[in-house]
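Undergrad: Let me give you the structure first, and then I'll get to my questions.
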Amino acid sequence: VEKLKVVILASDDLVWSYPTWSRALARLNQRFHFTGIGLFPRKTGKKKGFPSLFWYLKTFGFTSTCILAGYALKSRLSESFFLIKPWESLARQFHLDLIRDSDPNSKQVGKWLRDQNADVVLSNVGHILK
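Okay, so the sequence shown: first residue is 25 according to our numbering, each after it adds one.
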């Protein structure tokens, strides 16, 4: 039985996106044939700076916001201490074709997706896909 070919489109985010995909690939690699991963900048909403902090406090409460902030800080600090590039390492480990671009709707990404000949595209980017 031939495995489904899967491509991942992900936000280039080491705090939330990277751990999610590294765990997912480890668990799903036996059942699916992952061919590539496309990385794109995080797309944040209109709230930046203090307005986003207030949104987190209002939505999650003080304790949860502090836990989320602590986790994000830990991830960013540990990232700066290591010289390895996590996404590149993940791509090597699972034999994935890696592409980085500013827009998942670019012609370069479209060509790359066609070249991947994927059956399924999994996406968790903050961009609207066309």
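The beta-carbon is built from N, C-alpha and C at its ideal position, and this holds for glycine as well.
This structure is a prediction, so every number in the text was calculated from the model and none was measured.
1. Any contact between the region 138 to 145 and the region 25 to 32? By contact I mean 3 or more CB pairs, one from each, below 8 angstroms.
2. From GLU26 to PHE64, what distance separates their C-alpha atoms?
3. Around the Cβ of GLN140, are there at least 16 other Cβ atoms within 10 angstroms (buried) or fewer (exposed)?
4. Pick helix, strand or coil for LYS98, following the three-state DSSP scheme.
5. Here's a check: name, in chain order, each residue in its chain whose Cβ is nearer than 6 angstroms to the Cβ of GLY60, leaving out the five neighbours to either side.
6. Would you give the residue range spanned by the alpha helix (DSSP H) that ASP139 belongs to?
7. Give the DSSP-derived three-state secondary structure of LEU52 in the structure shown.
TA: Based on what the coordinates show:
1. yes
2. 30 angstroms
3. buried
4. helix
5. Cβ within range, chain order: VAL31, LEU120, ASP121 and GLN140.
6. 131 to 140
7. helix
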